[in-house]
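Protein chains: 4
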Amino acid sequence: MSQFNRIKQEAYEANMLLPKLNLVIFTFGNVSAADRSLGVFAIKPSGVPYDQLSAEKMVIVDFDGKIVEGHFRPSSDTKTHAVLYKHWENIGGISHTHSTYATAWAQSQRDIPIFGTTHADHNTVDIPCAPPMTDEMISGNYEYETGFQIMDCLREKNLSPADLEMILVGNHAPFTWGKNAEKAVYNSAVLENIAQMALLTEQINPNAPRLKDSLIKKHFERKHGPDSYYGQ
Amino acid sequence: MSQFNRIKQEAYEANMLLPKLNLVIFTFGNVSAADRSLGVFAIKPSGVPYDQLSAEKMVIVDFDGKIVEGHFRPSSDTKTHAVLYKHWENIGGISHTHSTYATAWAQSQRDIPIFGTTHADHNTVDIPCAPPMTDEMISGNYEYETGFQIMDCLREKNLSPADLEMILVGNHAPFTWGKNAEKAVYNSAVLENIAQMALLTEQINPNAPRLKDSLIKKHFERKHGPDSYYGQ
Amino acid sequence: MSQFNRIKQEAYEANMLLPKLNLVIFTFGNVSAADRSLGVFAIKPSGVPYDQLSAEKMVIVDFDGKIVEGHFRPSSDTKTHAVLYKHWENIGGISHTHSTYATAWAQSQRDIPIFGTTHADHNTVDIPCAPPMTDEMISGNYEYETGFQIMDCLREKNLSPADLEMILVGNHAPFTWGKNAEKAVYNSAVLENIAQMALLTEQINPNAPRLKDSLIKKHFERKHGPDSYYGQ
Amino acid sequence: MSQFNRIKQEAYEANMLLPKLNLVIFTFGNVSAADRSLGVFAIKPSGVPYDQLSAEKMVIVDFDGKIVEGHFRPSSDTKTHAVLYKHWENIGGISHTHSTYATAWAQSQRDIPIFGTTHADHNTVDIPCAPPMTDEMISGNYEYETGFQIMDCLREKNLSPADLEMILVGNHAPFTWGKNAEKAVYNSAVLENIAQMALLTEQINPNAPRLKDSLIKKHFERKHGPDSYYGQ
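This is the structure we're talking about:
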């Protein structure tokens, strides 16, 4: 029995949530789960339909993107996952989808404004859209550079991956992360929901104001602050 | 056997309607059911996923927001429910969701215009959007103040909670109520439907007129007036 | 065994299609089926949820709107159905819904332009929106007048109920009809589909042209003309 | 046992994917599967509901549109399929739907701009919208001419059917193709997804830029180029 069984199972279950939550069609998404003590992560094999997945088919990769175990080629976005795990030491799961509304915001190359408490329940800033990469980065080690593009975008805004667990990559689609794979997928679904409501808000009122600071603070802290009183 | 079993069961069943009617994702909603003779209500425990709910897990709270019975922490919005039960003596259920279209109207800080008979079948006025609270109210007893914000909004419009069983809280999301928990959830679903159709109406015709008074009166009265002829 | 069993069963089955086709929430719709030889129609009882319907609960009404058989009060829109059956001798079923997109067009008080062949497969004209009635008609015999409003709208456009099996009633919602109840419901679903695509078409291209006459003619005739070659 | 059993089964299964993927209501679509060695294709019978289909009911037609075997009349769009199979020697399946967003773009008579990598994963150009045909073509051999309209549109853009497996026919709806029937249906679903995201992108940002060339090239080649690394 493989020492990687725990993260294979975790990655498998989290990947299966994507179609269940209507976040992907066909194979347009991938989720990974990391084992920090072993320095590896389990990720979806590339191009395998969700109804043919199993925990055994997950591919084990280290944080430099090298395959450690598995009979399949890993997701084509594997290097992006590897870069983020290597540099962000406290995350345990990453999810990438082409969910409809979040992807439309990424294609529009706009940050998603913070319009309401649904957004503030999860973070305190506009969801940033990282700009498309330079032609050199794209034609070079593309998926690897995507990881750095994501990290640079957060760094420029003085945000840590704990402050904000979701981002849009311009012209591409969203990436989300969290303490484990299930939380990363949860964040994918929350982002899709926020993205749809933000577009509708602007359609209802093109001058809709950003959420006021006091309300951002209140909602975030009641869920995440030292005196939080949400959940059990 | 607890004397609260009836409202625990009622609150449980009404909460389970939220995902069934596509009004929530994850734990983004809560419903309560009141027992007027006992002076308490049963409400969803905070942050517990719908597929792990049971009637036994409902929390019993009095109209001052004090926990009377239950092993779980109640919904973070419990004080809003308590305030409304305390001051509106004829309501028996309250529902709070972050349903997509109603929340988008709340975020846009606009009242929902009465455009058609679907709306007039349920009430005779634009659905009001209560303005965001002051910073003092927000940083103070926030959920308690949300209840007063809702009541003040109705009072200023000379509306009773029987005239109108639904409201938007600016930047936040909708609250609905009714004679019992099931009716409150019904109103959440109706509001979501009205909210979607109102946005579409404005998109089809930016100059769409409000419903004329005679038609508002007719449709409301055929369902709710002394000579109503809708239903059995 | 009642002589009305055939139309009770037909009306029951057609009513049950409404939630299956996502054309109604709760009780926001009603379908009827006529028996021309007996001069009556079977219609949904008012306000009864679809999951509690049965063929036995259908109400039998004559073409003047008088109840002939049944333990329940018929749909509040019964008189509209009666008027249409009485004056349009070749229709055998009527369907009324508050489906989202068709209702939004009705609320916007605009005809639905004929933009494509999906529309032309079913009729050759813009779907008309009958204007809201006068205050006198509304405060008088409202549902009865709604039937005349529908007939007048077709008459003014020189259309017979065979030319066009669907209409919007301004500020209210769509009515559709056909040779039987199932066909009437089919038309409700087609209208909802056309209504959604027409709004999207205008959003993609505000100057989208109406379908050209030759294409309208071709598509309608290949399905409905003397030399039709659609279907078996 | 018929020598056509393989393509009948293939066409049947691919047709059944259309309702499963929410690409059709009622009978608004048809898929065919070709057998190049026999010079025929199997196609859906006209107007038969999907829940009454079976492999046996598929109709066998040659590349001139002549029926070879079958008890039913073939799809009214059969000649369009025949023309494409006859002239495009490397395709093995064709799918035609009236899916909501793709059809709205066809009705708007606009090409779908390439805004993101979801689009570039499948092809490198804006999805063209073939202009509506002349009145002569429409009143003449309409479905046959539709095939030529599609081919002409690709030829004018110097595109082969391998470069681009999807197109919009102005005022009508999309056609897609591929190496087999399943791939053609896959392309129908991808096109619908791209069509929805493109509209949303323009709504979020009316000045959203087209995807840059380096990113188009990268995403297409990682899936389809000689050094592709997507899939197994």
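Chains as they are written, first to last, in our numbering: chain D, 1 to 232; chain W, 1001 to 1232; chain U, 2001 to 2232; chain S, 3001 to 3232. All C-beta atoms in this analysis are idealised placements derived from N, C-alpha and C, irrespective of residue type, glycine included.
Given the structure, does Gly-2039(U) come close to the ligand NAP, in the sense that its CB is under 8 Å from one of the ligand's heavy atoms? Ligands are entirely absent from the displayed structure, and the ligand NAP is therefore not among its contents.
How about Phe-175(D): is its C-beta nearer than 9 Å to some C-beta of chain S? Not a single CB atom of chain S sits nearer than 9 Å to the CB of Phe-175(D).
Can you tell me which residues form a DSSP beta bridge with Ala-42(D)? DSSP, once it has assigned bridges, lists Ala-33(D), Ile-60(D) as partnering Ala-42(D).
Return the CA-CA distance between Ala-2162(U) and Gln-3196(S), expressed in angstroms with no decimal places. Their Cα atoms are separated by approximately 35 Å.
Does the beta carbon of Thr-1100(W) come closer than 9 Å to any beta carbon on chain D? Yes, Thr-1100(W) counts as interfacial toward chain D.
Are Val-129(D) and Arg-110(D) closer than 9 Å when you measure CB to CB? It should be pointed out that residue 129(D) corresponds to Cys in this sequence rather than to Val. It is a contact, given that the beta carbons lie within the stated cut-off.
Per-residue contacts from Met-1197(W) into chain U (C-beta, under 7 Å): Those within 7 Å of Met-1197(W) in chain U are Thr-2100, Thr-2103, Ala-2104, Gln-2107.
Since Gly-1070(W) meets chain U, which of its residues come closer than 9 Å, beta carbon to beta carbon? Among the residues of chain U, none has a CB under 9 Å from the CB of Gly-1070(W); the nearest is roughly 31 Å distant.
Pairs of beta-carbons, one from the stretch 3128–3144 of chain S and one from the stretch 3091–3099 of chain S, closer than 8 Å: are there three or more? Not touching, per the Cβ criterion.
In three-state DSSP terms, what is Ala-3321(S)? Only positions 3001 to 3232 of chain S appear in this structure, which leaves residue 3321(S) out of reach.
Beta-carbon contacts of Phe-28(D) that lie in its chain and below 6 Å, excluding the five residues immediately before and after: So the list reads His-98, once near-sequence residues are dropped.
Cα separation between Thr-118(D) and Asn-3193(S)? Spanning the two alpha carbons is a distance of roughly 26 Å.
Per the DSSP calculation, Leu-3168(S) is bridged to which residue(s)? Answer by DSSP bridge pairing, in chain order: Cys-3129(S), Pro-3174(S).
On a CA-only basis, which of Ser-2(D), Phe-4(D), Leu-17(D) is nearest Ser-188(D)? Give me that one, please. For the options Ser-2(D), Phe-4(D), Leu-17(D), the alpha carbon positioned closest to that of Ser-188(D) is the one of Leu-17(D).
Would you say Ser-1139(W) and Tyr-230(D) are within 9 Å of each other, going by their C-beta atoms? The answer is no: Cβ separation not under 9 Å.
Interface residues of chain U facing Ile-1204(W) [CB-CB closer than 7 Å]: In chain order: Ala-2104, Trp-2105, Ser-2108, Arg-2110, Leu-2199.
Under the rule that 16 or more other beta-carbon atoms within 10 Å means buried, what is Lys-79(D), buried or exposed? Counting the other Cβ atoms within 10 Å of the Cβ of Lys-79(D) gives 16 or more, which makes it buried.
Pull up the distance between the alpha-carbon of Leu-2191(U) and that of Met-2166(U), whole angstroms please. If you take the alpha carbons of Leu-2191(U) and Met-2166(U), they lie about 7 Å apart.
Per DSSP, what kind of secondary structure is Glu-3013(S) in: helix, strand or coil? If DSSP states are grouped into helix, strand and coil, Glu-3013(S) belongs with the helices.
CB of Val-1040(W) within 9 Å of CB of Ile-1060(W), strictly: Val-1040(W) is a Cβ neighbour of Ile-1060(W), given a cutoff of 9 Å.
For Ser-3214(S), list the residues DSSP reports as bridge partners. Its beta-bridge partners do not exist; DSSP assigns none.
Straight-line gap, Glu-1145(W) to Met-1137(W) (C-alpha atoms, nearest Å): Cα-Cα distance, rounded: 6 Å.
9 Å Cβ cutoff met for Gln-2149(U) and Val-2169(U): Yes, they are a contact pair.
I'd like to know if Thr-1134(W) contacts chain U, where contact means its C-beta is closer than 9 Å to some C-beta of that chain. No Cβ of chain U is located within less than 9 Å of the beta carbon of Thr-1134(W).
Determine whether the beta carbon atoms of Tyr-2142(U) and Arg-1210(W) lie at a separation below 9 Å. No. Outside cutoff.
What separation, rounded to the nearest whole angstrom, lies between the Cα atoms of Met-3058(S) and Gly-2116(U)? The C-alpha of Gly-2116(U) is placed about 28 Å away from the C-alpha of Met-3058(S).
With 16 as the cutoff for other CB atoms within 10 Å, does Pro-3206(S) come out buried or exposed? Exposed.
Segment limits, beta strand (DSSP E) that includes His-2096(U): Start and end: 2093–2097.
Tell me the rounded alpha-carbon separation between Ile-2112(U) and His-2219(U). Taking the straight line joining both Cα atoms gives about 18 Å.
Where Thr-2118(U) meets chain S, residues with beta-carbon distance less than 9 Å: What Thr-2118(U) touches in chain S: Phe-3028, His-3098, Thr-3103, Gln-3107, His-3172, Ala-3173.
Those residues which DSSP pairs with Pro-1074(W) across a bridge: Answer is Pro-1045(W).
Name, please, each residue of chain W whose Cβ falls closer than 8 Å to the Cβ of Lys-183(D). Simply none; closest approach about 11 Å.
Taking Glu-89(D) as part of the beta strand (DSSP E), name the residues at either end of that continuous run. Run containing Glu-89(D): none; DSSP gives neither H nor E here.
Just to confirm, are Leu-21(D) and Trp-105(D) a CB contact at a threshold of 9 Å? Remark: C-beta atoms of Leu-21(D) and Trp-105(D) do not approach each other more closely than 9 Å.
Anticipated Cβ contact below 8 Å, Ala-3011(S) with Lys-3044(S), distance rounded: Indeed, because the Cβ distance is near 7 Å, the residues count as touching under 8 Å.
Determine the chain U residues that contact Tyr-3142(S) at a beta-carbon separation under 8 Å, and present them in chain order. Going along chain U in sequence order, the residues near Tyr-3142(S) (Cβ under 8 Å) are Lys-2218, Arg-2222.
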